[in-house]
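Novice:
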Amino acid sequence: MTTNFKNLSKYEDEMWLCARCGDCSLADKTVASNRDVYLPCAIKNVLGFEAYAARGRIMIMNDLLNERIPLSNDIADWAYTCTTCKSCMETCTATADGVNLPDMMEALRRDLVQNEFVMPKHQVIEDSINEMGNPYKEPSGKRLEVFGNREWPEKAPVIYYVGCTSSYREQEIARTTVELFDKLGIDYTILPDEQCCGSVLLRLGRTKSFERITKRNLEQMKATGAQTIVTACAGCYRTWKIDVPNEGYKYDFRILHVTEFIDKLITEGKVAFASPKPLKVTYHDPCHLGRHAEVYEAPRRVIESVENVKLVEMETNKRYAHCCGSGGGVKGSFGELANDVAGNRIREAEETEAEVLVTACPFCHRGLVDGAKHIESDLPVLDLPEFLLPFAKEAKKRKVADENPLKKQFMEYLRGHPKIFDGLKQGATIDYDLEGDRFHVFVTGKSQIDVNPVRAENP
Numbered sequence: 445m446t447t448n449f450k451n452l453s454k455y456e457d458e459m460w461l462c463a464r465c466g467d468c469s470l471a472d473k474t475v476a477s478n479r480d481v482y483l484p485c486a487i488k489n490v491l492g493f494e495a496y497a498a499r500g501r502i503m504i505m506n507d508l509l510n511e512r513i514p515l516s517n518d519i520a521d522w523a524y525t526c527t528t529c530k531s532c533m534e535t536c537t538a539t540a541d542g543v544n545l546p547d548m549m550e551a552l553r554r555d556l557v558q559n560e561f562v563m564p565k566h567q568v569i570e571d572s573i574n575e576m577g578n579p580y581k582e583p584s585g586k587r588l589e590v591f592g593n594r595e596w597p598e599k600a601p602v603i604y605y606v607g608c609t610s611s612y613r614e615q616e617i618a619r620t621t622v623e624l625f626d627k628l629g630i631d632y633t634i635l636p637d638e639q640c641c642g643s644v645l646l647r648l649g650r651t652k653s654f655e656r657i658t659k660r661n662l663e664q665m666k667a668t669g670a671q672t673i674v675t676a677c678a679g680c681y682r683t684w685k686i687d688v689p690n691e692g693y694k695y696d697f698r699i700l701h702v703t704e705f706i707d708k709l710i711t712e713g714k715v716a717f718a719s720p721k722p723l724k725v726t727y728h729d730p731c732h733l734g735r736h737a738e739v740y741e742a743p744r745r746v747i748e749s750v751e752n753v754k755l756v757e758m759e760t761n762k763r764y765a766h767c768c769g770s771g772g773g774v775k776g777s778f779g780e781l782a783n784d785v786a787g788n789r790i791r792e793a794e795e796t797e798a799e800v801l802v803t804a805c806p807f808c809h810r811g812l813v814d815g816a817k818h819i820e821s822d823l824p825v826l827d828l829p830e831f832l833l834p835f836a837k838e839a840k841k842r843k844v845a846d847e848n849p850l851k852k853q854f855m856e857y858l859r860g861h862p863k864i865f866d867g868l869k870q871g872a873t874i875d876y877d878l879e880g881d882r883f884h885v886f887v888t889g890k891s892q893i894d895v896n897p898v899r900a901e902n903p
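This is the structure we're talking about:
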C-alpha cells in the first residue's frame with residue numbers, strides 16, 4: 445500500500461528550519477537568557493529518549509516523508525505520545541514563533557487515520573462522540589443530570605458551555621460553576637443538546653466527525669440569541685476560539701474562558717472574593733488556555749483579587765509552564781505516561797509550599813489529581829470555580845463614574861452622539877474595554893464583529 449502524507453508534506457520545508465540545537469528538550473536558565481525555562485518537554489523528561497522531544501520527532505517525520513523509514517504501528521503509537529502542548533515552540537529560537545511541531549504532529553495523525561493506521565481505543569472515542577455526543581460512552585440524556593431537574597431558558601445573553609469532562613467526569617466543576625454564576629446573578633443558559641466540542645477529534649486526527657457536531661452546536665447556540673459563550677474547559681475554549689474558525693466556521697459570539705469572564709466582572713466591580721484566613725496558592729497554566737490561546741494574566745488577576753490569598757509561582761510558569769500530561773490524546777492513549785508527567789508537575793507545585801494548586805481546566809484538574817495520587821501527594825487540586833465559590837461575596841456597589849473617570853467620559857459621549865447607534869441590527873450589543881487612554885469599542889451584531897480603537901479623550 446502506498447503511503448500518502450498529504451497533510452504532513454505541507455510542513456516539509458518548515459522541518460528543515462529546525463537547527464537541531466536541542467533547546468526543545470535540554471534548555472534551562474543557564475542557556476535561555478531571561479526565560480524561566482527548565483527542560484521544556486514534559487514527555488521527554490519522563491521517557492528520556494531523543495525521539496520524544498521536538499528535535500527527534502522532526503527527524504523521524506522527515507525520514508517518513510523521504511521514505512527512509514516505513515509507516516508502522518510502532519510509529520503510530522509514537523505519534524500519540526506528544527501532548528501538542530507547544531512548550532517546544534516557546535523555547536525554539538530557530539524562527540520568530542518557533543518550529544511548529546504541534547501542527548506537524550496533528551498533520552501526521554490525520555495521515556495515520558487516512559492510511560488506516562488506527563488505534564482501536566481512538567475508534568471507540570470517535571464512535572462514542574458520533575452516537576452519544578461525548579467521548580466517555582455516556583448516554584446523551586445524562587449530560588444535564590448533574591444539574592438535577594433544573595429547566596434552562598431558551599433565550600439568554602450568555603451560554604455556559606459545560607463540556608464533556610465536566611458533564612460526566614469532573615461534575616463538581618460543573619456544579620460549582622453553575623452555583624457561582626447563580627450567586628453572581630449571571631443571566632445565562634445551557635444548551636439542551638450540547639455536543640462534544642470536538643477537541644479530542646482534532647487532536648487524534650479524526651476530522652470527519654468534527655463537522656457534524658460543530659454544526660449541531662452552532663445551531664443551538666444561535667437559537668438562544670446569546671452574544672457570549674463562556675466555558676470553564678481550556679480544551680473547549682481553544683476549540684471554539686481558535687480551531688472552529690480555522691476549520692472554516694463563522695459565528696458572531698464572543699468566546700470567553702471563565703477566567704476572562706470573572707476577571708471582567710471583577711474589573712467592573714460586580715463581584716468580589718475574600719478568604720477568611722491567609723492562603724498560599726499556586727497556579728497551573730493549562731496548555732490550551734496558555735500557550736495556545738495566550739491567556740495568562742486573567743486567571744492570575746482573579747486569584748490575586750481574593751482577599752487574604754497570596755499567589756506563588758512554580759519554577760516553570762506562564763508560557764514556559766510544564767504540561768500536565770493529559771492533552772493531545774496522551775491520557776486516553778497512555779494513561780501511565782500521563783500520570784508520570786502529572787506527578788512531576790505536582791512535585792513542582794509542592795516546591796512552592798503552596799497550600800492549594802489551582803488550575804483552569806477540568807481535564808488538567810483530572811490529570812493533576814491522578815498525578816497527586818500517583819506520587820502519594822496530599823496537595824489539594826482545585827479548578828478555579830471550585831476555588832472561588834466559597835469566597836464569593838457581594839461586591840460594593842459603585843457608580844460607573846466613581847470606578848473610572850474614562851468610563852464616565854465614554855458614557856457621556858454615547859449619550860451626546862446617538863447616531864453611533866444608527867445601523868445597528870436587531871440583537872446587536874455595544875461593549876468596550878479600556879486599555880490605557882484608549883477605548884476599544886465592540887459592536888457585536890448578528891453577522892459581524894466590528895472593533896474600533898479610538899482615543900479616550902475623543903471617542
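The opening residue of the sequence shown carries number 445 in our numbering; numbering runs sequentially from there. Backbone N, C-alpha and C define an ideal beta-carbon position, used for all residues, glycine too.
Taking the continuous beta strand (DSSP E) assigned at Arg698, which residues delimit it?
Specialist: Taken as a continuous stretch (DSSP letters only), the beta strand (DSSP E) holding Arg698 covers Arg698 to His701.
Novice: What does the Cβ neighbour count give for Ala656, buried or exposed, with the cut at 16 atoms within 10 Å?
Specialist: Residue identity check: residue 656 is Arg in the sequence provided, not Ala. Exposed: under 16 other Cβ atoms inside 10 Å.
Novice: Helix, strand or coil for Asn761? Go by DSSP, reduced to three states.
Specialist: DSSP places Asn761 in coil when its eight states are reduced to three.
Novice: Looking at the C-beta of Thr621, does it have a partner C-beta in chain B at a distance below 8 Å?
Specialist: In summary, chain B is missing from the structure at hand, where a single protein chain is found.
Novice: Grab me the residues of Asn761's own chain with a C-beta within less than 8 Å of its C-beta, minus the 5 sequence neighbours each way, in chain order.
Specialist: Counting only Cβ-Cβ distances below 8 Å, and skipping sequence neighbours, we find Asp480, Tyr727 and Asp729.
Novice: Is it right to say Pro834 is buried, meaning 16 or more other beta carbons lie within 10 angstroms of its own, or is it exposed?
Specialist: Looking at its Cβ environment, which holds fewer than 16 other Cβ atoms inside 10 Å, Pro834 is exposed.
Novice: Who are the near neighbours of Gly811 in its chain, counting only those whose CB is closer than 7 Å to its CB and skipping five residues on each side?
Specialist: Cβ neighbours of Gly811 beyond the five flanking positions: Cys768, Gly769, Ser770, Lys775, Ala782 and Ala786.
Novice: Could you tell me which whole beta strand (DSSP E) segments of length 3 or greater appear in the segment 466-542?
Specialist: With a minimum length of 3 residues, no continuous beta strand (DSSP E) run stays inside the segment 466-542.
Novice: From this set, Cys805, Ala520, Lys754 and Ile630, which residue's C-alpha is nearest Pro613's C-alpha?
Specialist: The residue you asked about is not Pro; residue 613 is Arg in the sequence shown. Of the listed residues, the one whose Cα sits closest to Arg613 is Cys805.
Novice: Measure the CB-CB distance between Thr528 and Pro484 and report whether it falls below 8 Å.
Specialist: The answer is no: Cβ separation not under 8 Å.
Novice: Report buried or exposed for Pro743, applying the criterion of at least 16 other Cβ atoms within 10 angstroms of its Cβ.
Specialist: Buried: at least 16 other Cβ atoms inside 10 Å.
Novice: Could you tell me the boundaries of the beta strand (DSSP E) in which Phe717 lies?
Specialist: Here the beta strand (DSSP E) through Phe717 covers Ala716 to Tyr727.
Novice: Between which two residues does the beta strand (DSSP E) harbouring Asn752 extend?
Specialist: Start and end: Glu751 to Leu755.
Novice: Please list, in chain order, all residues of the same chain as Glu794 whose beta carbon is under 8 Å from its beta carbon, the five residues on each side excluded.
Specialist: The answer, listed in chain order, is Ser821 and Leu823.
Novice: For Lys724, which option in Asn752, Asp707 and Arg647 has the closest C-alpha, if you only look at C-alpha atoms?
Specialist: Closest by alpha carbon: Asn752.
Novice: Check the C-beta distance from Ile634 over to Trp596 and give it rounded, since I have them as a contact under 8 Å.
Specialist: So it is a contact: roughly 5 Å between Cβ atoms.
Novice: My understanding is that Lys837 touches Ala716, with C-beta atoms under 8 Å, so please give their C-beta distance in whole angstroms.
Specialist: Rounded, the Cβ-Cβ distance is 6 Å, consistent with contact.
Novice: In whole angstroms, give me the CA-to-CA distance for Arg554 and Pro722.
Specialist: Going by the C-alpha atoms only, they are around 49 Å apart.
Novice: Hey, how far is the Cα of Val702 from the Cα of Glu511?
Specialist: So the alpha carbons of these two residues sit roughly 46 Å apart.
Novice: Quick one: using the 10 Å Cβ neighbour count with 16 as the cut-off for buried, is Ala667 buried or exposed?
Specialist: Ala667 comes out exposed.
Novice: Since Ile487 and Ala495 are thought to touch, with beta carbons under 8 Å apart, how far apart are those beta carbons, to the nearest angstrom?
Specialist: Rounded, the Cβ-Cβ distance is 10 Å, inconsistent with contact.
Novice: Figure out for me which residue from Tyr632, Gly692, Asn788 and Cys462 has the closest Cα to the Cα of Glu759.
Specialist: Answer by Cα proximity: Asn788.
Novice: Just to confirm, are Arg499 and Glu570 a CB contact at a threshold of 8 Å?
Specialist: No, they are not a contact pair.
Novice: Considering only residues of the same chain and omitting the five flanking positions on each side of Glu704, which have a CB-CB separation below 8 Å?
Specialist: Same-chain partners within the cutoff: Val739 and Ala742.
Novice: Which class does Lys694 belong to by DSSP, given the choice of helix, strand or coil?
Specialist: DSSP places Lys694 in coil when its eight states are reduced to three.
Novice: Looking at C-alpha atoms only, which residue of Ser749, Glu638 and Leu645 is the closest neighbour of Glu712?
Specialist: Ranking the options by Cα distance to Glu712, first place goes to Ser749.
Novice: Does Val568 come out as helix, strand or coil in the three-state DSSP assignment?
Specialist: Helix at Val568.
Novice: Reducing DSSP to helix, strand and coil, say where Ala798 ends up.
Specialist: The answer is coil: DSSP assigns Ala798 none of H, G, I, E or B.
Novice: At a cut of 8 Å, does the segment 570-590 reach the segment 599-615 through at least three beta carbon pairs?
Specialist: Short answer: they touch.
Novice: Tell me whether the beta-carbon of Asn506 lies closer than 8 Å to the beta-carbon of Met459.
Specialist: Yes, the pair counts as a contact, with Cβ atoms nearer than the cut-off.
Novice: Is Pro564 buried or exposed, if buried means 16 or more other CB atoms sit within 10 Å of its CB?
Specialist: Looking at its Cβ environment, which holds fewer than 16 other Cβ atoms inside 10 Å, Pro564 is exposed.
Novice: Tell me, to the nearest whole angstrom, how far the beta carbon of Ala618 is from that of Val590; I am working on the premise that it is less than 8 Å.
Specialist: Contact flag correct, Cβ pair sits at about 5 Å.
Novice: Count the other CB atoms within 10 Å of the CB of Lys454; is the residue buried (16 or more) or exposed (fewer)?
Specialist: That one is exposed.
Novice: Report the partner residues of Thr675 according to the DSSP bridge assignment.
Specialist: Paired residue(s): Tyr605 and His701.
Novice: Taking the beta strand (DSSP E) that Leu826 belongs to, which residues open and close that run?
Specialist: Unbroken beta strand (DSSP E) run through Leu826: Val825 to Asp827.
Novice: Let me know the secondary structure DSSP gives Tyr632 once reduced to three states.
Specialist: Strand, per DSSP.
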